[in-house]
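In the UniProt record's numbering, the protein residues as written are 1 to 322. All remarks here apply to the structure that follows.
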Ligand code: GDP
Ligand code: MG
């Protein structure tokens, strides 16, 4: 089912600039203090938004196939890396959209291939350089909630790729980021009914391109000067050590509540409802109608007769002829 590699030593970590390595080690230390020795991160989103590239950026190795023209990822792929007793599992998935619709089959396949896994964090990837939130986005968000339970959005990070962009004239980079992320966050909160007091979904800016600017330490930076990779990992660590429950993908979640069994309980209730609120009132009304008809028959017949005799307003031509 799922191509999953044996946990390998996380050599990619040493490929990062020293400053990034230090930041990541500090975060791993934070996890160790909280007794978290493994993390499983699920990456979801539409096709071509940069999921596979983000997985590669995070691991620091080319572990997932990236394609400019179509989603090369046709299977769910888990990549595991071990570093000083800590295991990072990161799961790349195929895009969730086919043509203009959410591919529910793809989502179901992803879910089934994750049987018995526990998801600590979900990165929902979209592009920063998008200008609208449309019905398809809403569908995707809802489909994820349907497949994994709405709770999955409580362990979500919104990852926005293509973050090295020049915003349109007259709007600053930070304003652009705020507008784009707010539009997406508001949509998600509307679709997945968040309660007041629920924590905001954290936003992580991502730039996977090899042409991303770097600072003097060789770290990848965004137009606002921020170093994005450690920030993304920080959000992941915050969620993993936070209060939201991880999502356990067990058989119950996959098979869902049996609709036949669940429905059967209601069958007698439905009959009772139909009898009390439909059959009884109907019989009553019919009886009343029949009674009143008998009482009123003479006047009714008179009325009908009058109608026939009176000139018809619908046929003025005929009236003129007279
Ligand atoms: P996926 O279908 O969501 O897995 O997307 P991919 O990771 O395969 O990326 C699709 C295309 O977008 C590829 O050509 C990537 O090189 C490109 N891409 C992904 N992320 C970024 C990014 O942050 N910046 C830029 N400039 N290109 C990106
Ligand atoms: Mg991909």
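Quick reminder that beta carbons are idealized off the backbone N, C-alpha and C, glycines included.
With a 10 Å radius around its C-beta and 16 neighbouring C-beta atoms as the bar for buried, classify residue i as buried or exposed.
i	result
residue 127	buried
residue 324	Outside the shown range of the chain, which is 1 to 322, sits residue 324, and nothing can be said about it.
residue 94	buried
residue 276	exposed
residue 159	buried
residue 291	exposed
residue 182	exposed
residue 236	buried
residue 26	exposed
residue 85	exposed
In angstroms with no decimal places, state the Cα-to-Cα distance between residue i and residue j.
i	j	result
residue 269	residue 33	54 Å
residue 229	residue 174	18 Å
residue 267	residue 274	11 Å
residue 112	residue 75	11 Å
residue 224	residue 213	11 Å
residue 149	residue 246	11 Å
residue 152	residue 216	38 Å
residue 116	residue 278	47 Å
residue 154	residue 284	52 Å
residue 44	residue 280	52 Å
residue 211	residue 125	20 Å
residue 96	residue 271	41 Å
residue 256	residue 177	38 Å
Closer than 6 Å by C-beta to residue i: which residues in its own chain qualify, once you throw out the five before and the five after it? Chain order, please.
i	result
residue 326	Absent from the model: residue 326. The displayed extent of the chain is 1 to 322, so no value can be given.
residue 218	17
residue 23	230
residue 162	127, 128 and 129
residue 15	60
Quick one: residues in its chain with C-beta nearer than 8 Å to the C-beta of residue i, no 5 flanking neighbours on either side, listed in chain order?
i	result
residue 83	9, 10, 13 and 28
residue 238	202
Under a criterion of Cβ closer than 5 Å to any non-hydrogen atom of ligand 1, which residues qualify, in chain order? Chain-ordered, the residues whose CB falls short of 5 Å from any heavy atom of ligand 1 come out as 47, 48, 49, 50, 51, 52, 53, 66, 67, 68, 71, 161, 162, 207, 208 and 209.
Please determine if the region 49-60 and the region 99-117 are in contact, where contact requires at least 3 C-beta pairs separated by less than 8 Å. The way I'd put it, the region 49-60 doesn't touch the region 99-117; fewer than three beta-carbon pairs between them come closer than 8 Å.
Can you find at least 3 beta carbon pairs, one from the region 188-195 and one from the region 127-143, that sit closer than 8 Å? The region 188-195 vs the region 127-143: in contact.
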